[in-house]
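Colleague: Residue numbering for the sequence shown follows this note's numbering, starting at 1 and increasing by one per position. C-beta: ideal position from N, C-alpha, C; glycine also.
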Amino acid sequence: MSSKHVAVLLGGFSSERPVSLSSGTACADALEAEGYRVTRVDVGRDVAAVLQELRPDVVFNALHGPFGEDGTIQGILEYLEIPYTHSGVLASALAMDKDQAKHVAKAAGIPVAEALVMDRRSFGNQHPMKPPYVVKPVREGSSFGVVIVKEDQSHPPQVITSSEWRYGDRVMVERYIAGREFTCGVMGDVALGVTEIIPQGHAFYDYDSKYVKGGSKHVIPAQISPNIYQKIQTLALKAHQAIGCRGVSRSDFRFDDRGDGEGELIWLEINTQPGMTPTSLVPEMAQHAGLQFGEFLKWMVEDASCLR
1 MSSKHVAVLL GGFSSERPVS LSSGTACADA LEAEGYRVTR VDVGRDVAAV
51 LQELRPDVVF NALHGPFGED GTIQGILEYL EIPYTHSGVL ASALAMDKDQ
101 AKHVAKAAGI PVAEALVMDR RSFGNQHPMK PPYVVKPVRE GSSFGVVIVK
151 EDQSHPPQVI TSSEWRYGDR VMVERYIAGR EFTCGVMGDV ALGVTEIIPQ
201 GHAFYDYDSK YVKGGSKHVI PAQISPNIYQ KIQTLALKAH QAIGCRGVSR
251 SDFRFDDRGD GEGELIWLEI NTQPGMTPTS LVPEMAQHAG LQFGEFLKWM
301 VEDASCLR
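1. Rounded to a whole number of angstroms, what is the C-alpha to C-alpha distance between Met322 and Gln158?
2. Would DSSP call Lys136 helix, strand or coil?
3. Taking Cβ positions, are Asp303 and Arg250 nearer each other than 9 Å?
4. Per DSSP, Glu264 is paired with what?
5. From this set, Phe123, Ala62, Met172, Arg45, which residue's C-alpha is nearest Ala7's C-alpha?
6. Which residues in the same chain have their Cβ closer than 8 Å to the Cβ of Ala107, if we skip the five residues on either side of it in sequence?
7. Rounded to the nearest angstrom, what separates Leu127 and Tyr79 at their Cα positions?
8. Using a Cβ cut-off of 9 Å (strictly closer), state whether Leu10 contacts chain C.
9. Under the assumption that Val138 contacts Val171 (Cβ atoms under 8 Å), give the Cβ distance between them as a whole number of angstroms.
10. Going by the CB atoms, is the gap between Val43 and Ile73 shorter than 9 Å?
11. Apart from the five residues on each side of it in sequence, which residues of its chain come closer than 7 Å, Cβ to Cβ, to Asp99?
12. Taking 6 Å as the limit between beta carbons, can you name the residues of its chain near Ala95, skipping five residues before and five after?
13. With DSSP as the reference, label Tyr36 as helix, strand or coil.
14. Rounding to the nearest angstrom, what Cα-Cα distance links Asp252 and Thr234 in this structure?
15. Only counting the same chain, and skipping five residues up and downstream in sequence, which positions put a Cβ closer than 7 Å to that of Lys231?
16. Given this structure, state the Cα-to-Cα distance separating His155 from Arg258, to the nearest angstrom.
Next up, the structure:
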């Protein structure tokens, strides 16, 4: 039994609050079952004062979205000198900015899709890129604000310029990669198994297919040729290292296997705070590697540090 006091950060005030509550609750329950003394902290603007009073041995960061995974909370934890899980300040900020992360990945020899970043308000009647393409906010997670523009669409999507849009003004326009969706987690310096994500009744792996039970089918190990399977693992580890991630991360890929030959494998992005809900991908990958949920979280707590 561990006498370590772990503060689990959950909830928060990003658009991903519900996911974080679900992740954090699952983690807190499992860590208690492993014998840790756990305090659940629903994160508000006073989080620094709350943690200063609590003085936990370790912070388990189960926040998702801006503030929780963009380097902000990591900076607060560095200032308070409390060891924490997942990636540090720089890697978190870098991974959250899809454009910058892509530049770093490309420089490391990781294949990425052509893209351009623009102000959403400058979308006119002309397509910024030949369709099909994808428009996504530069700094959001969980597929929030992702719009797929199909080949036969005559003009850009109007939702991007509407007053309803709440995902920031900088958007990335990226060539759409047809084919299958794969994802691969990294734990420390080891790539876990590769999962194929098959959305059920959804056009792509959107918010509902991620977090609603039965929203997507996860096939692990993915049914693809061994060389592509291995290539995905290699690239996931390469991205983790190039961006400077620590602890656990997850990289997402598209593989276009429609034509002849090997097809095109493209790295989409890296997630430094992967979901930790019962339907989440990385806990499934850890289980596939022989680690039960509690053991997996225990590894993350013991791996926690400052200056990550």
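Modeller: So, to answer that:
1. Nothing in the structure corresponds to residue 322, since the chain is present only between 1 and 308.
2. Start at 1 with the first residue of the sequence shown, and residue 136 comes out as number 136. Of the three classes helix, strand and coil, the one that applies to Lys136 here is strand, per DSSP.
3. For the purposes of this step, residue 303 is taken as the residue at position 303 of the sequence shown. For the purposes of this step, residue 250 is taken as the residue at position 250 of the sequence shown. Cβ atoms of Asp303 and Arg250: not closer than 9 Å.
4. Residue numbering aside, residue 264 sits at position 264 when the sequence shown is read from its first letter. Answer is Asp256, bridged to Glu264.
5. In the sequence shown, the residue the question calls residue 7 occupies position 7. Ala7 has its Cα closest to that of Ala62, out of Phe123, Ala62, Met172, Arg45.
6. Here residue 107 refers to the residue found at position 107 of the sequence shown. Around Ala107: Ala242.
7. On the sequence shown, position 127 is the one that residue 127 refers to. On the sequence shown, position 79 is the one that residue 79 refers to. In the sequence under discussion, the amino acid at residue 127 is His, which differs from the Leu named in the question. Cα-Cα distance, rounded: 45 Å.
8. Protein chains in the displayed structure number just one, and chain C is not present.
9. The residue you call residue 138 lines up with position 138 of the sequence shown. The residue you call residue 171 lines up with position 171 of the sequence shown. Confirmed, about 6 Å.
10. On the sequence shown, residue 73 is found 73 positions in, with the first residue counted as 1. On the sequence shown, residue 43 is found 43 positions in, with the first residue counted as 1. It is a contact, given that the beta carbons lie within the stated cut-off.
11. The residue labelled residue 99 in the question sits at position 99 within the sequence shown. Excluding residues within five positions, the ones whose Cβ falls inside 7 Å are Val117, Val138, Met172.
12. For the purposes of this step, residue 95 is taken as residue 95 along the sequence shown, with counting starting at 1. Cβ within range, chain order: Ala101, Ile243, Ile270, Thr272.
13. Taking the first residue of the sequence shown as position 1, residue 36 is located at position 36. Coil, per DSSP.
14. The residue you call residue 252 lines up with position 252 of the sequence shown. The residue you call residue 234 lines up with position 234 of the sequence shown. Their backbone Cα atoms lie some 13 Å apart in a straight line.
15. Along the sequence shown, one-based indexing puts residue 231 at 231. Contacts found: Leu265.
16. Locating residue 155 in the sequence shown gives position 155, counting from the first residue. Locating residue 258 in the sequence shown gives position 258, counting from the first residue. Using only the alpha carbons, I get a separation of about 27 Å.
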